[in-house]
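Asks:
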Amino acid sequence: NTIKRKMTSKLSKFSKGSLSTVSLTSLIENGDIKETNHLDESVSVRIRTGLVRAHSKRQVRVTNWAETVEATVEQFRYPTSPNAVIDLVKQNKKIRCSGALHSCAPLIESQGIILSLTKLDRIISIDTERRIVRMEAGVRMHDLCTYLSDYGLAVGTLGTIDWQTICGAVMTGTHGGGLTIPSLHDFVRSYTLVLPNGALKKVEKETSPTLFRAMAPSMGLFGAVVEMEMAVVPLEILEARLFVVPMDDVIHCFDSLMKTNKYARVVVYPTIKKATIWTANPVASREAAVANGATNNVGYANFRNDEEKVMLESFLDLCNENEFEQADEVLERVLVSQISRLNHYVGQYNHVLCLERNNGIPHADIEMNFSYDKYKEVLQTVFDYYKTNRLPYYNFEIRTTNQDDAFLSCCQSRRAMWIDFQAKASISKNFFEEMTSLLKQYGYRKHWAKGMDNSDPRYIVD
5 NTIKRKMTSK LSKFSKGSLS TVSLTSLIEN GDIKETNHLD ESVSVRIRTG
55 LVRAHSKRQV RVTNWAETVE ATVEQFRYPT SPNAVIDLVK QNKKIRCSGA
105 LHSCAPLIES QGIILSLTKL DRIISIDTER RIVRMEAGVR MHDLCTYLSD
155 YGLAVGTLGT IDWQTICGAV MTGTHGGGLT IPSLHDFVRS YTLVLPNGAL
205 KKVEKETSPT LFRAMAPSMG LFGAVVEMEM AVVPLEILEA RLFVVPMDDV
255 IHCFDSLMKT NKYARVVVYP TIKKATIWTA NPVASREAAV ANGATNNVGY
305 ANFRNDEEKV MLESFLDLCN ENEFEQADEV LERVLVSQIS RLNHYVGQYN
355 HVLCLERNNG IPHADIEMNF SYDKYKEVLQ TVFDYYKTNR LPYYNFEIRT
405 TNQDDAFLSC CQSRRAMWID FQAKASISKN FFEEMTSLLK QYGYRKHWAK
455 GMDNSDPRYI VD
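Counting from 1 along the sequence shown, just add 4 to a position and that's the residue number in my numbering.
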């Protein structure tokens, strides 16, 4: 309520014109406000992974988390039932669906309305014997994880955040970081969607195998998914470790690292020629891990805490001023701080895997998927490039995923290594074009939610 009063007061000078304080208030009510920033001629409110901006141009716009895509507040609709979705589909010609606005791709750009499914957030039922959960499309990943943990169960794989809606994560091909574990859509067993004519259709893996394989990832092109059934797995307690190695050592240990750990993630810092290696493996109990020297972690263990995020922002500021030596000294301190917190700990499955629970620093992404068999050539090419070129960000990340059979999956018919390049949105375009040009020779497939607006459509089709 305090935030609403401040926002209404701040926005009152923009009276008349296209600004609607009612719609802004509605959007605030539909989000989980993370932070507020009062700027000169604008007001920003962070809503989970999205951002609302009220500008002096007399309009209110919403951006995705990466701040690479915008839409107007007035475009959003918040249906609370499948019937409400059907009505909106029948009444509108142009529709895009949205979840938590985490995707870096321009998926919410629409010539018509944007159908936010965040109010379809019921977990309908669970079959603990078959390990199948039935839920509406807008359930948040963290809410699902909490619900399942009461039954000793968990989501089959998780990315590094859990703010997404379950359907948004599935439809964009969200993956985790384990060579034996497939992407999230591989755990789905059925979809119920509203077709363009307003009809409801259930697509099941067993009875409609061809259409099912096309459903995800598909970015919502077949219709608006309102309900899903998903297979879940036993809840694990994970023992995690973090350590630093020279960047050049990564290639030599990579295959062993990925094959001997259930979960693994490599974060490379080229400007200081170092990398952090993070691993996590199931353990019999917290007590067993603590006896082995691990710190007992009750809640989420963020890969970067607030102090480290401030240091990374300082790194970027120093780089903008060409103070590279000072910037790299800051980066060294970040790694020291991380190791002091995360060198060896134990925690619940989702609390360990969701490493960016505090959302990290907003940035644009381009995540490229390569056949795992090519990891040596790809990594050598990237490492050689950064021996003579300075990365315009502080790191890039490497993970692996098992293959699946979805038609548009980046992991279709091949185990994969992912490299996630990141940059501030303002400078990302040229940098991402450099990376795609450098690595095109290895036949990459690009994550549907990251960097697709930096792609040549002809390459994607080929």
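All C-beta atoms, glycine included, are put in the ideal place defined by N, C-alpha and C.
Under the DSSP definition of a beta bridge, which residues are partnered with Gly351?
Replies: Leu242
Asks: Going straight from the alpha carbon of Glu329 to that of Ile276, what length do you get?
Replies: 10 Å
Asks: Does the region 172 to 184 come into contact with the region 210 to 218, if we say contact requires no fewer than three beta-carbon pairs (one atom in each stretch) closer than 8 Å?
Replies: Short answer: they don't touch.
Asks: Quick one, which of Glu325, Val89 and Val73 has its alpha-carbon nearest Asp369's?
Replies: Val73
Asks: For Lys454, does the three-state DSSP call read helix, strand or coil?
Replies: coil
Asks: Please classify Arg134 as buried or exposed, where buried requires at least 16 other C-beta atoms within 10 Å of its C-beta.
Replies: Exposed is the call here.
Asks: Near Arg84, what residues of its chain come up, given a Cβ to Cβ distance below 8 Å and the 5 sequence neighbours on each side ignored?
Replies: Before going on, a small fix: residue 84 reads as Thr here, not Arg. If we look at Thr84 and ignore the five residues flanking it on each side, its Cβ neighbours are Lys123 and Leu124.
Asks: When DSSP labels each residue in this structure, what does Arg345 get in the three-state scheme?
Replies: If DSSP states are grouped into helix, strand and coil, Arg345 belongs with the helices.
Asks: Identify, in the order they occur along the chain, each residue of the same chain with its Cβ nearer than 8 Å to the Cβ of Ile128, setting aside the five sequence neighbours on each side.
Replies: Arg138, Met139, Glu140 and Glu231
Asks: Whose C-alpha, out of His189, Ala218 and Phe226, is nearest the C-alpha of Lys205?
Replies: In this structure, Phe226 is the residue among His189, Ala218 and Phe226 with its C-alpha nearest to the C-alpha of Lys205.
Asks: Measure the Cβ-Cβ separation of Ile431 and Pro396 and say whether it is below 7 Å.
Replies: Yes.
Asks: By a C-beta neighbour count over all protein chains shown, 10 Å radius and 16 as the cutoff for buried, is Pro186 buried or exposed?
Replies: buried
Asks: By the three-class DSSP mapping on this structure, what secondary structure does Glu45 have?
Replies: Here Glu45 scores only 34 on pLDDT, less than 50, and its place in the model should not be relied on; the value that follows carries that caveat. In the structure shown, Glu45 sits in coil (DSSP, three-state: anything other than H, G, I, E or B).
Asks: Using 7 Å as the threshold, is the C-beta distance between Asn373 and Trp422 below it?
Replies: Going by beta carbons, Asn373 and Trp422 fall inside the 7 Å limit.
Asks: Should Gly467 and Ala104 be called a contact, given that it needs their Cβ atoms to be closer than 7 Å?
Replies: The requested residue 467 is not part of the displayed model; the chain covers only 5 to 466.
Asks: Mind pulling the alpha helix (DSSP H) runs of 4 or more residues that sit fully within the region 349 to 428?
Replies: 353 to 357 and 379 to 389
Asks: Taking contact to mean at least 3 C-beta pairs separated by less than 8 Å, is the region 312 to 323 in contact with the region 333 to 352?
Replies: Counting Cβ pairs under 8 Å, three or more are found: they touch.
Asks: Whole angstroms is fine: what's the gap from Val338's alpha carbon to Thr385's?
Replies: The alpha-carbon atoms of Val338 and Thr385 are separated by roughly 26 Å.
Asks: Taking the alpha carbon of Thr196 as the point to measure from, which residue in Pro461, Arg418, Tyr151 and Glu233 has its own alpha carbon closest?
Replies: Scanning Pro461, Arg418, Tyr151 and Glu233 for the CA closest to the CA of Thr196 turns up Glu233.
Asks: So, at 6 Å on beta carbons, what are the nonlocal neighbours of Thr283 in its own chain, with the 5 sequence-adjacent residues on each side left out?
Replies: Arg245, Asn265 and Ala268
Asks: With DSSP collapsed to three states, give me the class of Lys205.
Replies: strand
Asks: CA-CA distance, Phe191 and Asn301?
Replies: 28 Å
Asks: Buried or exposed: where does Ile464 fall if 16 or more other Cβ atoms within 10 Å of its Cβ makes it buried?
Replies: Label assigned to Ile464: exposed.
Asks: Measuring CA to CA, which of Tyr448, Val270, Ile170 and Thr184 is closest to Val382?
Replies: When each option's Cα is compared against that of Val382, the closest is Tyr448.
Asks: To the nearest whole angstrom, what separates the beta carbons of His348 and Ala298, a pair I think is in contact under 8 Å?
Replies: Their Cβ separation, rounded to whole angstroms, is 5 Å, which keeps His348 and Ala298 in contact under 8 Å.
Asks: Once you ignore the five residues that flank Asp166 on each side, which residues in its own chain have a CB closer than 8 Å to its CB?
Replies: Arg144, Met145, His146, Cys149, Asn354, Cys358 and Arg361
Asks: Taking the beta strand (DSSP E) that Glu3 falls in, what are its first and last residues?
Replies: Summary: the structure shown does not reach residue 3, with the chain confined to residues 5 through 466, and so no result is reported for it.
Asks: Let me check understanding here. Comparing Cα to Cα, which of Thr440, Ile136 and Ser107 lies closest to Tyr155?
Replies: Ile136
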